[in-house]
Structure formats: structure tokens, C-alpha cells
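Everything below concerns the one structure shown next.
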Amino acid sequence: MTRRPRRNHSPAFRAKVALAAIRGEKTLSELAQDFDVHANQIKQWKE
Numbered sequence: 001m002t003r004r005p006r007r008n009h010s011p012a013f014r015a016k017v018a019l020a021a022i023r024g025e026k027t028l029s030e031l032a033q034d035f036d037v038h039a040n041q042i043k044q045w046k047e
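What follows is the structure, encoded as C-alpha cells:
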């Protein structure tokens, strides 16, 4: 299994994902799948 290269997300992307999480229309796992990031990463960006 190959590792994915480290990705640097732009502040605009982080804000978009965090706002979607704060709205609460979808679960963190649904958002993680939609945006192709880990749910724990979204939780960190919310803070």
C-alpha cells in the first residue's frame, strides 16, 4: 500500500470545510468523504 503525499490545503478550502461542519447539515464522516479529507482533520479545522 502506498502512502498519499502530504497535501497542503489552502485557508479558503479549510474555511469552507469548517463552515460546512459548523452548519451541521452533514456528519463529519459525510463531509470527510465529500471533501476527501480525514474526519479528525475537519474537527481540528473547526476549532
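Anchor point for the sequence shown: position 27 equals 27 in full-length UniProt numbering, and the numbering is continuous, going up by one each time. Positions of the beta carbon are idealized from the N, C-alpha and C atoms, including for glycine.
Where the alpha helix (DSSP H) containing residue i begins and where it ends
i	result
N40	A39 to K46
P5	Run containing P5: none; DSSP gives neither H nor E here.
E30	L28 to F35
Outcome for residue i when other beta-carbon atoms lying within 10 angstroms are tallied against a minimum of 16
i	result
I22	exposed
A15	exposed
A12	exposed
Of the residues the options, the one placed nearest residue i, counting alpha carbons only
i	options	result
V37	K26, T2, R7 and R3	R7
G24	K43, R4 and M1	K43
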